[in-house]
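Residue numbers (UniProt numbering): 1 to 177.
A virtual CB, placed ideally from N, CA and C, is assigned to each residue, including glycine.
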Amino acid sequence: MEPVEINAGTCYLRQLRADDRLDDRAALVEAFADPWHRRYIPDYQVNDLGQAGEYVALRARQWARDERCSWAIAEPTTGGLLGEVVLKNLDLPGATAEAGVWVHPVARGRGVATIAVGAALRFGFGALGLRTVTYQHAESNKASAAVARRCGFRLLRAEDINTGERELIWSRGPGEA
């Protein structure tokens, strides 16, 4: 599918970019260098502009393959990168996905994660026809738990994972909030 932009009020959601008009690569390197970010998003290494460019290209390929909807959470006047929100593990025939979000260190504490996840959920339930979206995070990540509650997810269960930390798994349907 083609990437879509979403006006979410105090921020907007757009495709990650690395072109002559807008370049998210430096902000990606900054975000992925943050210790908090590395703790909770260990699966990706973005240590330099080259890796950041690969990350942007990966997200574009995932959109095209209907694997993941990935949006840069952007400042509405400058387009500056505030974070990323995703609907991943997309199963369009099964009408399910998993939501995820991270926020750049300079934008934390401003509510952008809740706004972005809410907008992504509206798109998923409305435009994609999803019936169930899950959200999971490390039990120690209190900010993610707050986002889940504010966005209307209900806690399903906690699971032990290989890192020695428990994962909380939440779920939400289209009529729940």
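- Counting C-beta pairs with one atom in each stretch, the stretch 163-177 and the stretch 131-139 have three or more that are closer than 8 Å, which means they touch.
- Contact between G100 and V112 is ruled out by a C-beta separation of about 14 Å, above the 8 Å threshold.
- Counting of Cβ neighbours within 10 angstroms places A64 among the exposed residues, the total staying below 16.
- If only uninterrupted alpha helix (DSSP H) runs of at least 4 residues are considered, those enclosed by the UniProt domain "N-acetyltransferase" (14-173) are 25-33, 35-40, 49-64, 112-126, 142-150.
- Straight-line measurement puts the Cα of A120 at about 23 Å from the Cα of A52.
- G124 counts as buried, since no fewer than 16 other beta carbons sit within 10 angstroms of its beta carbon.
- The residue from R108, L156, D91 with its alpha-carbon nearest to that of R131 is D91.
- Out of T114, R61, A74, A148, the CA that lies nearest to the CA of M1 is found in R61.
- Counting only the Cα atoms, Y12 lies some 11 Å from E84.
- A straight-line Cα-Cα distance of about 21 Å links G50 and R14.
- Residue environment: I115 is assigned as buried (16 or more neighbouring CB atoms within 10 Å of its CB, all protein chains considered).
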